[in-house]
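Our numbering runs 110 ahead of the 1-based position in the sequence shown.
Don't be surprised by glycine CBs; every beta carbon is placed ideally from N, CA and C.
Structure first, commentary second.
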Amino acid sequence: MEPLYFKMIGPYILLEEIGQGGMGTVYRAIHSKTQEEFALKLSASLDDHDPDFENKKKHFLREIQVFQTLHHPNIRKVHSLGWLEKEKRFYLVMDYIAGHNLRQFLIDHPSLSIEEKIHLFCSLVEGVAHLHEKKIVHRDIKPSNILVSLHRNIYLSDFGGAYLRELGLSSITDSQQIIGTLLYLAPECLDPNLFGPLSDKTDIYSLSVILYEIFTGKPPLKGSPQEIVIQKLKFKANPFPDFFEGFPPFFKEIYIQMSQFYPEKRPSAKEILELLESQGY
Numbered sequence: 111m112e113p114l115y116f117k118m119i120g121p122y123i124l125l126e127e128i129g130q131g132g133m134g135t136v137y138r139a140i141h142s143k144t145q146e147e148f149a150l151k152l153s154a155s156l157d158d159h160d161p162d163f164e165n166k167k168k169h170f171l172r173e174i175q176v177f178q179t180l181h182h183p184n185i186r187k188v189h190s191l192g193w194l195e196k197e198k199r200f201y202l203v204m205d206y207i208a209g210h211n212l213r214q215f216l217i218d219h220p221s222l223s224i225e226e227k228i229h230l231f232c233s234l235v236e237g238v239a240h241l242h243e244k245k246i247v248h249r250d251i252k253p254s255n256i257l258v259s260l261h262r263n264i265y266l267s268d269f270g271g272a273y274l275r276e277l278g279l280s281s282i283t284d285s286q287q288i289i290g291t292l293l294y295l296a297p298e299c300l301d302p303n304l305f306g307p308l309s310d311k312t313d314i315y316s317l318s319v320i321l322y323e324i325f326t327g328k329p330p331l332k333g334s335p336q337e338i339v340i341q342k343l344k345f346k347a348n349p350f351p352d353f354f355e356g357f358p359p360f361f362k363e364i365y366i367q368m369s370q371f372y373p374e375k376r377p378s379a380k381e382i383l384e385l386l387e388s389q390g391y
């Protein structure tokens with residue numbers, strides 16, 4: 111594919127590629143009139159020979175309307191959606207956030223204080239709680255889908271695999287298809303017959319892995335993809351016994367609750383916020 115830099119997409123000028131997401135390629139762009147910076151995600155071309163093309167197009171439009179209702183300081187704001195008829199592609203205009211994803215941020219800042227790490231985690235839970243209030247399951251929460259600004263504000267991003275419970279649809283793929291990165295996937299994503307269907311609690315498991323990584327600087331499981339799957343399906347209780355040295359014992363307890371293999375044993379995001387508030391966080 112030819113480089114798209116400086117190409118006009120609607121009123122936006124593409125400046126540089128800044129990432130790949132579940133719905134396509136993300137560019138830094140500016141509005142041609144206001145010169146305001148945005149992030150613009152450009153989808154791959156849809157197949158207009160697909161007999162279900164119009165339905166997919168309508169579903170996509172309807173789902174983006176749901177995402178536009180998300181207004182929270184820890185969720186990346188979606189401004190508008192456009193359709194390129196000739197190219198059969200959607201484009202999505204979002205806030206441009208200067209900074210790094212959470213993985214790179216943790217690499218660049220290995221000596222964060224306990225207070226800073228707790229702040230990152232609490233802010234992330236607040237964003238996820240808002241998402242669940244809107245009946246949306248993210249399904250792909252991982253460090254590369256979490257942005258940290260230069261001012262160290264945290265934003266949940268990339269809803270390319272999100273599941274809209276109210277519509278019974280996922281934004282890009284079938285709700286039963288495995289979405290996400292193995293390390294952060296809840297057991298029910300790998301074996302729904304054993305652990306049950308996906309739900310809000312699916313995101314909570316992913317958050318437990320994020321919590322572990324923020325606090326310790328390393329993932330809780332290691333090995334090849336096959337080895338990680340075996341470990342995830344082998345254990346029926348919390349498989350990560352490592353202590354969070356230097357952290358309040360409360361966070362080890364909340365981590366154990368969040369990482370339970372059976373979804374019904376995990377707390378909701380709202381319950382986690384209530385627990386955090388009860389401890390003064």
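8 Å contact criterion, which residue i and residue j should meet: CB distance rounded
{"i": "I119", "j": "L150", "result": "6 Å"}
{"i": "R199", "j": "L152", "result": "6 Å"}
{"i": "V176", "j": "H189", "result": "Incorrect: roughly 15 Å between the Cβ atoms, too far for contact."}
{"i": "L385", "j": "I364", "result": "6 Å"}
Same chain only: Cβ atoms within 6 Å of residue i, ignoring 5 sequence neighbours per side
{"i": "K252", "result": "T291, Y294"}
{"i": "G192", "result": "G120, Y201"}
{"i": "S285", "result": "With a pLDDT of 42 at S285, under the threshold of 50, the modelled position of that residue is not reliable, and no figure is offered here."}
{"i": "S318", "result": "Y365, M368, S369"}
{"i": "I174", "result": "L191"}
Beta-carbon proximity of residue i to residue j, cut-off 8 Å
{"i": "R249", "j": "L180", "result": "no"}
{"i": "N184", "j": "Y265", "result": "yes"}
{"i": "V247", "j": "D160", "result": "no"}
{"i": "L321", "j": "M368", "result": "yes"}
{"i": "L234", "j": "I207", "result": "no"}
{"i": "Q389", "j": "F360", "result": "yes"}
{"i": "L274", "j": "K227", "result": "no"}
{"i": "P377", "j": "I324", "result": "no"}
{"i": "A154", "j": "G129", "result": "no"}
Through-space distance from residue j to residue i, alpha-carbon basis
{"i": "I382", "j": "E236", "result": "9 Å"}
{"i": "F371", "j": "V258", "result": "29 Å"}
{"i": "E126", "j": "L260", "result": "19 Å"}
{"i": "S221", "j": "P329", "result": "17 Å"}
{"i": "R262", "j": "D158", "result": "42 Å"}
{"i": "H219", "j": "A379", "result": "27 Å"}
{"i": "F148", "j": "Q178", "result": "15 Å"}
{"i": "S254", "j": "S334", "result": "19 Å"}
{"i": "K167", "j": "S142", "result": "27 Å"}
{"i": "Y122", "j": "H242", "result": "32 Å"}
{"i": "L230", "j": "D268", "result": "18 Å"}
{"i": "E146", "j": "D205", "result": "10 Å"}
Closer than 7 Å: residue i CB and nearest the ligand FMN heavy atom
{"i": "Y137", "result": "Among the ligands in the structure shown, none appear at all, so the ligand FMN cannot be discussed."}
Beta-carbon proximity list for residue i, same chain, < 8 Å, skipping 5 on both sides
{"i": "T312", "result": "V247, R249, A296, E298, C299, P373"}
{"i": "H210", "result": "D218, L257, V258"}
Neighbourhood of residue i by C-beta, 7 Å cutoff - its chain only, sequence neighbours within 5 removed
{"i": "Y391", "result": "I228, C232"}
{"i": "H182", "result": "G237, H240"}
> Are at least three pairs of beta-carbons, each pair with one atom in the segment 289-300 and one in the segment 200-218, less than 8 Å apart?
Replying inline: no
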